[in-house]
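J.:
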Amino acid sequence: MARWLCLAAASVSAASAGAPLVLSTTASDSSGGSSVQADLLTVETAQQRGAGAAVVRRNSNGTLSWKLWHEPRVEALAAASLGNGFVRALADGTLPRDNFAGYVAQDKFFLEVFSQAYTLAITKLADSDTVGIESFSVLVKGVLDELKLHSAYAAQWGVDTSDVQPTAECAAYVNFLKHVASEMDVAACAAAMVPCMRLYAFLGQQIQAEARTTSSSAGAYQEWVDTYADPGFEELALTLEGLLDRYASGVLAERVDELRELYVKAMQLELDFFDAWNPKRIEGVKKDEV
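Set out below in structure tokens:
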């Protein structure tokens, strides 16, 4: 899901000294060749972006959102997303323009539904729940602002988003979100929506970290990388994770299992969304080979 939101940098204090704690997993790249190291950052503090350190998560490892992100199936899907041919080609600037244009058009369609899901979550809250209402409202505004900038970016690239027909992958994802947002409670909505925010923050941060190591650039797609590596986007992801933790607090083990499955499902749908625009797949390579 693209989020062409020029985020105002949130206040992020300089990190205390010390190397980040990293949980690593490895995924094969889209060509089946060399592996891609996916470092799932979980440190407590971050240096300011100008100092060159990775933006990091501040959630405690005791929270549900932290545990779900470190669920083995989720880690595998995060690594697979980072290693997907679409993401790798975007990261090194070699992604064909048509692939990116198609992705942007589909993402506009997706973002409109994502915003509606936030709004439906708000309708499930009690009027007295000002914290929840205000937090979800901030997230809604973020998507709406993003859609405006997304449209401007699409115009710059000559992408027609006036009459987008969803691909099978996009339709599967939006139908999943519509069902959860319409039929389930706030905790379920958050569990189904956090993966989108957390995964994009992860991808942006990882690609930016790789670029610092190799002195490389994403070329025409550098703005995409910068957007998701930005501390402001990390703050939005943390806001939604905080809502998940808030509304899932104290639930029974069986309910945690249900929320976990929603989270994993959303992660798989994210990967499928990327893979729809994977250059290797579009060229005719079988999906299980890319």
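Reading the sequence shown from the start, the letters are residues -17 to -1, 1 to 273 in mature numbering (1 follows the signal peptide of the UniProt record, and there is no 0).
C-beta: ideal position from N, C-alpha, C; glycine also.
Everything numeric in this text was worked out from a predicted model, so none of it was measured.
1) Taking 9 Å as the cut-off, decide whether the C-beta atoms of leucine 47 and aspartate 240 are in contact.
2) Does chain B have any CB closer than 9 Å to the CB of alanine 109?
3) Leaving out five residues on either side along the sequence, give the residues of the same chain with a beta carbon under 8 Å from the beta carbon of glutamate 54.
4) In whole angstroms, what is the alpha-carbon distance linking serine 13 and lysine 263?
5) In terms of residue numbering, what span does the alpha helix (DSSP H) encompassing residue 285 cover?
6) Give a yes or no on contact between the stretch 181 to 197 and the stretch 53 to 70, applying the rule of three or more CB pairs nearer than 8 Å.
7) Got a sec, what are the start and stop residues for the alpha helix (DSSP H) serine 199 sits in?
8) Taking the Cβ atom as the reference point for each residue, do alanine 104 and alanine 173 lie within a distance shorter than 9 Å?
9) Do the CB positions of alanine 171 and isoleucine 190 come within less than 9 Å of each other?
10) Where do the ends of the alpha helix (DSSP H) carrying proline 214 lie?
11) Is aspartate 90 helix, strand or coil when you go by DSSP?
12) Any contact between the stretch 68 to 77 and the stretch 198 to 205? By contact I mean 3 or more CB pairs, one from each, below 8 Å.
13) Taking the alpha carbon of alanine 164 as the point to measure from, which residue in Asn44, Ser98, Leu221 and His133 has its own alpha carbon closest?
14) Are the CB atoms of glutamate 152 and leucine 252 nearer to each other than 9 Å?
15) Applying the criterion that 16 or more other CB atoms from any shown protein chain within 10 Å of the CB defines a buried residue, is proline 79 buried or exposed?
16) Within 10 Å of its beta-carbon, does histidine 133 have 16 or more other beta-carbons around it, so buried, or fewer, so exposed?
17) Taking 7 Å as the limit between beta carbons, can you name the residues of its chain near leucine 254, skipping five residues before and five after?
18) Return the CA-CA distance between alanine 137 and alanine 84, expressed in angstroms with no decimal places.
19) Mapping the DSSP letters down to three states, classify glycine 33 as helix, strand or coil.
20) Kindly indicate which three-state DSSP category histidine 162 falls into: helix, strand or coil?
T.: Let me lay it out:
1) Here residue 47 is taken as the residue at index 64 of the sequence shown, counted from 1. Here residue 240 is taken as the residue at index 257 of the sequence shown, counted from 1. Not closer than 9 Å, so no.
2) No chain B appears in the structure shown, which is made up of a single protein chain.
3) One-based indexing of the sequence shown puts residue 54 at position 71. If we look at glutamate 54 and ignore the five residues flanking it on each side, its Cβ neighbours are Arg243, Tyr246 and Val247.
4) As a working note, residue 13 is residue 30 in the sequence shown. As a working note, residue 263 is residue 280 in the sequence shown. In this prediction, serine 13 has a pLDDT of 38, which is less than 50 and means its spatial position is unreliable; what the coordinates show is noted afterwards. Distance between the alpha carbons of serine 13 and lysine 263 is about 7 Å.
5) In this structure the chain extends from -17 to 273, so residue 285 is not present and cannot be described.
6) By the Cβ test, the stretch 181 to 197 is in contact with the stretch 53 to 70, since at least three Cβ pairs between them sit closer than 8 Å.
7) Along the sequence shown, read from residue 1 onward, the residue named residue 199 stands at position 216. From DSSP, serine 199 is part of no alpha helix (DSSP H); its letter is neither H nor E.
8) In the sequence shown, the residue the question calls residue 104 occupies position 121. In the sequence shown, the residue the question calls residue 173 occupies position 190. Yes, these two residues count as a Cβ contact at 9 Å.
9) Here residue 171 refers to the residue found at position 188 of the sequence shown. Here residue 190 refers to the residue found at position 207 of the sequence shown. Result no, Cβ atoms of alanine 171 and isoleucine 190 do not sit closer than 9 Å.
10) Translated into the one-based positions of the sequence shown, residue 214 becomes position 231. First-last of the alpha helix (DSSP H) with proline 214: 214 to 230.
11) The residue you call residue 90 lines up with position 107 of the sequence shown. Looking at aspartate 90 - three-state DSSP - the assignment turns out to be helix.
12) The stretch 68 to 77 vs the stretch 198 to 205: in contact.
13) As a position in the sequence shown, residue 164 is number 181, starting the count at 1. Considering only alpha carbons, the answer is Ser98.
14) Here residue 152 refers to the residue found at position 169 when the sequence shown is read from its first residue. Here residue 252 refers to the residue found at position 269 when the sequence shown is read from its first residue. Yes, the Cβ-Cβ distance between glutamate 152 and leucine 252 is below 9 Å.
15) For the purposes of this step, residue 79 is taken as residue 96 along the sequence shown, with counting starting at 1. Under this definition proline 79 is an exposed residue.
16) Position 150 of the sequence shown holds residue 133. Buried: at least 16 other Cβ atoms inside 10 Å.
17) Within the sequence shown, residue 254 is the residue found at index 271, counting from 1. So the list reads Leu60, Ala63, Ser64 and Asn67, once near-sequence residues are dropped.
18) As a working mapping, residue 137 is identified with position 154 in the sequence shown. As a working mapping, residue 84 is identified with position 101 in the sequence shown. One C-alpha to the other measures close to 8 Å.
19) Stepping through the sequence shown from its first residue, residue 33 is reached at position 50. Residue placement at glycine 33 is flagged as unreliable, the pLDDT there being 36, under the threshold of 50; a coordinate-derived value is accordingly withheld.
20) For the purposes of this step, residue 162 is identified with residue 179 of the sequence shown, where counting begins at 1. Helix, per DSSP.
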